[in-house]
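> These protein sequence lines map, in sequence, to chains A and B. Just so you know, we're using my numbering here: the first sequence kicks off at 3 and counts up by one. Just so you know, we're using my numbering here: the second sequence kicks off at 1191 and counts up by one. Cβ coordinates follow ideal geometry from the N, Cα and C atoms, glycine included. Please read these numbers as outputs of a predicted model, since none were measured by experiment. Structure incoming, see below.
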Amino acid sequence: MTTAQNPVSYVAPTDLLKPEPAPVSDRGAYGWARAHLFGSVGQVLLTLFGILVVLAVVPPMVRFFITDAVFIGTNREACLPETVGRPVGACWPFIAAKWNQILYGFYPADERWRVNVVYGLGVVLLIPLLIPRAPYKRTNALAFFGIYPLISFVLLTGGDLDMRSFVLGWIGLDFGVTASANGLRLTFWLQFLVVTLLAMASGMALAPVFGGERRAVALGILKAFAVVGIVMLAMDFDFGLPQVETRQWGGLLVTLVIAVTGIVASLPLGILLALGRRSELPLVKYSSIIFIEFWRGVPLITVLFFATYMLPLFLPGRFTIDGLLRALVGVALFASAYMAEVVRGGLQAIPKGQYEGAMAVGLRSGLMMRLVILPQALKLVIPGIVNNFIGLFKDTTLVLIVSIFDLLGILRASFTDPAWATPTTLFTGFGFAGLVYFVFCYGMSRYSMALERRLDRNQRH
Amino acid sequence: MTDARWSEPAPTRRWSWTDPALRSAVIQIALAIALIWMAWSFFANAQANLARQGIASGFGFLDNSAGFGITQTLIPYSESMSYGRAFLVGLLNTLLVAALGIVLATIIGFLVGVARLSKNVVIKALASAYVEVTRNLPPLFQILFWYLAVLSTMPSPRQSWSFGLQPMFNAFAGWASGIGLTPLSDMLAALAGDVSAPGVFINNRGLVVPRPVFEADFSIIFWIFVAGIAAAFLLARWARRRQERTGQQFPSFWAGLALVAVPPTIAGFLLGWPLSFETPVLRGFNFVGGIRVIPEFVALLVALAIYTAGFIAEIVRAGILAVSKGQTEAAYSLGLRSGPTLRLVVIPQAMRVIVPPLTSQYLNLTKNSTLGVAVGYPDLFAIFAGTTLNQTGQAIEIIALTMAVYLVISILTSALMGWYNKRVALVER
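Dropping the structure here:
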């Protein structure tokens, strides 16, 4: 009840109370330290334990690799404690002496510029591909995945494959010509021309049966053959580069060749397998599943042994396959199974409406995949592809078991070099190899995480 | 009165590529022909190549005498035994390193995974560093590192590092008898044996540990132990049923522990400890007696466990983070303390997320155990695809058999996984 003298019983104060500051124990550096370092007895013990571990690991590492390390020298004498007169840490001159082997293996010294060009070109093409904002992605990707491998192949091996027969030659039809110029044999290219024309003719004949237009089909076949022809021309042409056998390759070169080939080759194969696995045709579906699960179920080293010892037996006697190529085939098969699973994840993430929308506008299944589904799905799986690449990069070390000298293999072989036998050579080598692998893998994993965050943000709009 | 349109005869089916049924038949027949042609040409080429190289095919070689020694055998084996026996020895070695590696990797992985979620910044940073370093170095690198850089630089057998379990036991026994606990002191003294020299040695030829010697009566203790486990299991089941029925709790963990531990101890006391240890003794340049664990095994086991633990830690972290905070808060508001909250609310839900990727890590570890070949650990791959392949040249049979073993392990694990997944899957309406 309000009275006349006091018409209002209560008026809230217009100014609110100031918030009290948090208690001293909860704020500032002290509060932070209490929450994160020594809030309770257990916390204190944990912190002390952690500090002990850090002290046990970090200072000795710094001492070994930097303060006690020897940086200048030309032979093992420089790294012996007797000559230096103090305990010696890492022997960096060892790495400097083996530097060329680490980068190129036993690649001939005069030809190393070719490897350098391949390294340089790879960096130039790869960096804009990895920057999401860089323009011309399509052209860039085509250059990196299509043209770059071809240039690298010619530069690294020397090209001039000396191709003798194409399809017709295998059945004895070689036109009886032996002329050749610049490493190109006339008979091979005649055969190629005839096969192209035959393929175009049969394409035109069969086009109506498959509901296609004669002209378009013939043009498509011509295009496909033209691409194959250009690739073979580049491989067959004699550019005057001396041949370098793959046995002479080694070190980082082999590591990168295997990892990059594995990813580049596994991408198309993996996409096909992923589509096959989602196919409605039982035979296609189950053969894809068996293929994928088989390679995923066995260790990579058995795959490499399969490719090294078993595959040559399965091929006709006239094929002799180079040792590195065998390993590459094994790695590509293995990687494609893992790639297929990554791509399948992307395909499953595309909402059904996209499929239905594409069908509603009248796209056939091939076009639907190419124009609508795959562009979206592949973008989603880029982080997965990068993770696959990290795995593959680590797995390349396994080739040392089939006597191919990758980065780790070269270092392991040089541990036994008597010219550099010092008490710390081994640790220096492991330290260096570990650093290289860590920098590559850690860098790529950070990149893949950043990409994932970016995609996530784009998905949410 | 029928409409003329309805009575028209159905159009005869025409050969058309746009007919899905026909198209799928054509594609599948073409694929089948391609697959059969490929299989046939592989087969024909293999036959021709083998005939040219004069290699007989078939698995008959498995009965031939192997003629090579194996440095680690879990079952009796000698050079005169067959390749089949060597295969079995290798398989057991693979399973041994895989099983122990899985146990170790799980323990380290869970610890590191939980540490990464710790409030303590030092511990958190250490755990993150562990994960980043171990995951980003190739497993083969790690195996070679442990083998060449750590184990090979251990001292020679004469200068072994030694650890004494026995001196420790003896010291405890002395202490126990000092305060009047004679039964305990007797037990410890029996376990320690009468040698007060150290029993565990580490040197560049591996790890040497005492070998347990079981006397005849030991089987009694063993069966009492087994019975204890069974009883504890039944007790836990009864306790769970009772709790569901009446809500009353029963300390089944501690009771079960007592059931497992106490009866064998009493039996051992009554029987006079029918268990002793044969201690390794340095004779000449090497140790005699005891069990020698070869350095290849140690290097492989440690490297695989440490490498895989990095991945497991990430899986555990993701699993725990996947349980929403509301679950913890709800449990607290029901009055559960943090221990039971973790045990009854968070972990069961996290396991649902953790277990599938965890299994694939277990499989990866098993597959990575083949890398032991780089340091000479006699696993299935090294013995069979390595030595046996070199000696017999039967590439197809040997590689196919090796791949089949790993494939079977993978498929069995996946099947088990599928069964588990179905069991723990979220039951939704």
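#1: I'd like the list of long-range same chain contacts for Ala267 (chain A), defined as Cβ closer than 6 Å, with 5 residues on each side in sequence excluded.
#2: Going along the chain, which residues of the region 393-405 of chain A sit with their C-beta nearer than 9 Å to a C-beta in chain B?
#3: Check Glu1486 (chain B) in the structure and name its three-state DSSP category.
#4: Does the Cβ-Cβ distance between Trp297 (chain A) and Ala261 (chain A) come in under 8 Å?
#5: Measuring CA to CA, which of B:Pro1441, B:Glu1468, B:Ile1419 and B:Ser1466 is closest to Pro1453 (chain B)?
#6: Given this structure, state the Cα-to-Cα distance separating Tyr1273 (chain B) from Ile1586 (chain B), to the nearest angstrom.
#7: Using alpha carbons as the reference points, say which of A:Leu437, A:Thr159 and A:Ile265 lies closest to Leu243 (chain A).
#8: Cβ closer than 7 Å: which chain A residues qualify as neighbours of Ala1236 (chain B)?
#9: Quick one: give me the first and last residue of the beta strand (DSSP E) that Trp172 (chain A) is part of.
#10: In the DSSP assignment, find the alpha helix (DSSP H) that holds Gly1516 (chain B) and state where it starts and stops.
#11: State the Cα-Cα distance for the pair Pro1266 (chain B) and Asn1580 (chain B), rounded to the nearest angstrom.
#12: Let me know the secondary structure DSSP gives Asp408 (chain A) once reduced to three states.
#13: Could you check whether the Cβ of Lys1309 (chain B) sits closer than 8 Å to any Cβ belonging to chain A?
#14: Tell me, which residues are paired with Gly1396 (chain B) by DSSP?
#15: Helix, strand or coil, according to DSSP, for Val179 (chain A) in the structure here?
#16: Of all the residues that make up the region 1558-1575 of chain B, which are near chain A by a beta-carbon distance shorter than 9 Å?
#17: Please work out which residues of its chain come closer than 6 Å, Cβ to Cβ, to Gln245 (chain A), disregarding the five sequence neighbours upstream and downstream, and give them in chain order.
#18: For Phe1232 (chain B), which residues in chain A fall below 8 Å Cβ to Cβ?
#19: Are any of the Cβ atoms in chain B nearer than 8 Å to that of Ser165 (chain A)?
#20: So who's on the other strand from Phe1404 (chain B), going by DSSP bridges?
#21: Just reading off the beta strand (DSSP E) that Leu1472 (chain B) is part of, what are its end residues?
#22: Please list, in chain order, all residues of the same chain as Gly171 (chain A) whose beta carbon is under 8 Å from its beta carbon, the five residues on each side excluded.
#23: For Ala1575 (chain B), which residues of its own chain have a beta-carbon under 7 Å away from its beta-carbon, when the five flanking residues on both sides are left out?
#24: What is the rounded straight-line gap between the Cα of Gln1551 (chain B) and the Cα of Arg346 (chain A)?
#25: Please confirm if Ser1346 (chain B) has its CB atom under 8 Å from at least one CB of chain A.
#26: With a cut-off of 8 Å, does the C-beta of Ile1601 (chain B) fall near any C-beta of chain A?
#27: Please state whether the Cβ-Cβ distance between Leu1491 (chain B) and Leu1294 (chain B) is less than 8 Å.
#28: So which of A:Val305, A:Gly355 and A:Phe241 has the shortest CA-CA distance to Asn184 (chain A)?
#29: With a cut-off of 8 Å, does the C-beta of Asn1239 (chain B) fall near any C-beta of chain A?
#30: Is there a Cβ of chain A sitting closer than 8 Å to that of Ala1222 (chain B), yes or no?
#31: Taking C-beta pairs closer than 8 Å, name the residues in chain B that Tyr444 (chain A) reaches, listed in chain order.
#32: Along the chain, which unbroken stretches of the alpha helix (DSSP H) at least 4 residues long are found entirely within the region 80-149 of chain A?
#33: Using beta-carbon positions only, say whether Ile1298 (chain B) and Val1279 (chain B) come within less than 8 Å of one another.
#34: So with CB distances below 7 Å, who are the chain A contacts of Tyr1596 (chain B)?
#35: Counting only the same chain and skipping the five closest in sequence on each side, list residues whose C-beta sits under 6 Å from that of Ala181 (chain A).
#36: Beta carbon of Val438 (chain A), beta carbon of Leu402 (chain A): below 8 Å?
According to the data block:
#1: As a position in the first sequence, residue 267 (chain A) is number 265, starting the count at 1. Counting only Cβ-Cβ distances below 6 Å, and skipping sequence neighbours, we find Ala334.
#2: Phe395, Lys396, Asp397, Thr398, Thr399, Leu400, Leu402 and Ile403
#3: For the purposes of this step, residue 1486 (chain B) is taken as residue 296 along the second sequence, with counting starting at 1. In the structure shown, the three-state DSSP call for Glu1486 (chain B) is helix.
#4: Taking the first sequence and counting its residues from 1, one reaches residue 297 (chain A) at position 295. Taking the first sequence and counting its residues from 1, one reaches residue 261 (chain A) at position 259. No, these two residues do not count as a Cβ contact at 8 Å.
#5: Position 263 of the second sequence holds residue 1453 (chain B). Comparing Cα positions, the closest option is B:Ile1419.
#6: Indexing the second sequence from 1 puts residue 1273 (chain B) at position 83. Indexing the second sequence from 1 puts residue 1586 (chain B) at position 396. Taking the straight line from one Cα to the other gives about 16 Å.
#7: In the first sequence, counting from the first residue as 1, residue 243 (chain A) sits at position 241. The option with the nearest alpha carbon to Leu243 (chain A) is A:Thr159.
#8: Taking the second sequence and counting its residues from 1, the one referred to as residue 1236 (chain B) is at position 46. Here the neighbours are Leu315 and Phe316.
#9: Position 170 of the first sequence holds residue 172 (chain A). DSSP places Trp172 (chain A) in no beta strand (DSSP E); its state is neither H nor E.
#10: Reading the second sequence from its first residue, position 326 is the one you call residue 1516 (chain B). That run of the alpha helix (DSSP H) goes Lys1515 to Ser1523.
#11: Taking the second sequence and counting its residues from 1, one reaches residue 1266 (chain B) at position 76. Taking the second sequence and counting its residues from 1, one reaches residue 1580 (chain B) at position 390. Using only the alpha carbons, I get a separation of about 23 Å.
#12: Mapped onto the first sequence, residue 408 (chain A) falls at position 406. Of the three classes helix, strand and coil, the one that applies to Asp408 (chain A) here is strand, per DSSP.
#13: Taking the second sequence and counting its residues from 1, one reaches residue 1309 (chain B) at position 119. Chain A, which has a Cβ nearer than 8 Å to the Cβ of Lys1309 (chain B), makes this yes.
#14: Within the second sequence, the letter at position 206 stands for residue 1396 (chain B). Beta-bridge pairing links Gly1396 (chain B) to B:Asn1393.
#15: The residue given as residue 179 (chain A) occupies position 177 in the first sequence. Annotated three-state conformation of Val179 (chain A) is coil, per DSSP.
#16: Listed by position along the chain: Asn1558, Ser1559, Thr1560, Leu1561, Val1563, Ala1564, Phe1571 and Ala1575.
#17: Along the first sequence, one-based indexing puts residue 245 (chain A) at 243. These residues qualify, in order along the chain: Gly160.
#18: Position 42 of the second sequence holds residue 1232 (chain B). Neighbours of Phe1232 (chain B) on chain A, chain order: Phe316.
#19: Taking the first sequence and counting its residues from 1, one reaches residue 165 (chain A) at position 163. It is worth fixing the name first, because residue 165 (chain A) is Met in this sequence and not Ser. Not a single C-beta of chain B is nearer than 8 Å to the C-beta of Met165 (chain A).
#20: Start at 1 with the first residue of the second sequence, and residue 1404 (chain B) comes out as number 214. Answer is B:Leu1465, bridged to Phe1404 (chain B).
#21: In the second sequence, the residue the question calls residue 1472 (chain B) occupies position 282. Leu1472 (chain B): member of the beta strand (DSSP E) spanning Val1471 to Arg1473, first to last residue.
#22: For the purposes of this step, residue 171 (chain A) is taken as the residue at position 169 of the first sequence. Correct list, in chain order: Thr189, Phe190 and Gln193.
#23: Along the second sequence, read from residue 1 onward, the residue named residue 1575 (chain B) stands at position 385. Excluding sequence neighbours, Ala1575 (chain B) sits near Ile1588, Ile1589 and Thr1592.
#24: Along the second sequence, one-based indexing puts residue 1551 (chain B) at 361. Along the first sequence, one-based indexing puts residue 346 (chain A) at 344. When the Cα atoms are used, Gln1551 (chain B) and Arg346 (chain A) turn out to be separated by approximately 20 Å.
#25: Within the second sequence, numbered from 1, the residue matching residue 1346 (chain B) stands at position 156. It does not; no Cβ of chain A falls within 8 Å.
#26: Reading the second sequence from its first residue, position 411 is the one you call residue 1601 (chain B). It does; some Cβ of chain A falls within 8 Å.
#27: Counted from its first residue, the second sequence places residue 1491 (chain B) at position 301. Counted from its first residue, the second sequence places residue 1294 (chain B) at position 104. Closer than 8 Å, so yes.
#28: The count along the first sequence starts at 1 and reaches residue 184 (chain A) at position 182. The option with the nearest alpha carbon to Asn184 (chain A) is A:Phe241.
#29: Here residue 1239 (chain B) corresponds to residue number 49 of the second sequence, with the count starting at 1. Cβ-Cβ to chain A under 8 Å: yes for Asn1239 (chain B).
#30: Counting from 1 along the second sequence, the entry for residue 1222 (chain B) is found at position 32. True, the Cβ-Cβ gap to chain A drops below 8 Å.
#31: The residue given as residue 444 (chain A) occupies position 442 in the first sequence. Correct list: Glu1322 and Asn1326.
#32: With a minimum length of 4 residues, the continuous alpha helix (DSSP H) runs that stay inside the region 80-149 of chain A are 83-86, 94-106, 114-132 and 139-144.
#33: For this step, residue 1298 (chain B) is matched to residue 108 along the second sequence. For this step, residue 1279 (chain B) is matched to residue 89 along the second sequence. Taking 8 Å as the Cβ cut-off, Ile1298 (chain B) and Val1279 (chain B) do not qualify as a contacting pair.
#34: Along the second sequence, one-based indexing puts residue 1596 (chain B) at 406. The contacting residues are Gly299, Val300, Pro301 and Thr304.
#35: As a first step, residue 181 (chain A) must be located in the first sequence, where it is residue number 179. Cβ neighbours of Ala181 (chain A) beyond the five flanking positions: Leu188.
#36: Residue 438 (chain A) sits at position 436 when you count from the first residue of the first sequence. Residue 402 (chain A) sits at position 400 when you count from the first residue of the first sequence. Contact: no.
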